[in-house]
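Enquirer: Numbering of the sequence shown is given in our numbering, commencing with residue 6 and proceeding in unit increments. Cβ coordinates follow ideal geometry from the N, Cα and C atoms, glycine included. Here the structure is a predicted model, which means the values were calculated and not measured.
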Amino acid sequence: MLLAYDGFLVAAASVVLTVLPGGAGSTALLVAALVASGLSGALSLMVVSVHWTDTYDLEHPGDIFPRLLEVRNQRTLSYRVSWAIAQVASLLLVCGVLVHLPGW
Numbered sequence: 006m007l008l009a010y011d012g013f014l015v016a017a018a019s020v021v022l023t024v025l026p027g028g029a030g031s032t033a034l035l036v037a038a039l040v041a042s043g044l045s046g047a048l049s050l051m052v053v054s055v056h057w058t059d060t061y062d063l064e065h066p067g068d069i070f071p072r073l074l075e076v077r078n079q080r081t082l083s084y085r086v087s088w089a090i091a092q093v094a095s096l097l098l099v100c101g102v103l104v105h106l107p108g109w
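What follows is the structure in structure tokens.
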């Protein structure tokens, strides 16, 4: 879901950059939104990677379960950071669009 949200942010910022003429300030905000959403998407891809265990690992459960908990904790942290960056990207996008509007 977060990857789709990041894709939407990239698409929206790209459309605003190409369709509406704007100044340097709004362009900088929109480029920052593009970079932030791209970074968020890259972190999201780290979360969805699959970790397979083989039968040898399952024969020694005392060794594998702490490792699986470590992988889960790392992915949870990556997802939370990615989510926060996506929120910053959406804020930058909104600010960039508002600056693009006439009268701002």
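Quick one: what does DSSP say residue 26 is sitting in, helix, strand or coil?
Expert: coil
Enquirer: Less than 8 Å between the beta carbons of residue 87 and residue 45, yes or no?
Expert: yes
Enquirer: By alpha-carbon positions, which one of 104, 101 and 8 ends up nearest to residue 53?
Expert: 8
Enquirer: Checking 8 Å against the spacing of the C-beta atoms, do residue 42 and residue 11 come in under that value?
Expert: Cβ atoms of residue 42 and residue 11: closer than 8 Å.
Enquirer: Select from 79, 99 and 60 the residue whose C-alpha is nearest the C-alpha of residue 13.
Expert: 99
Enquirer: DSSP state of residue 65, grouped into three classes?
Expert: coil
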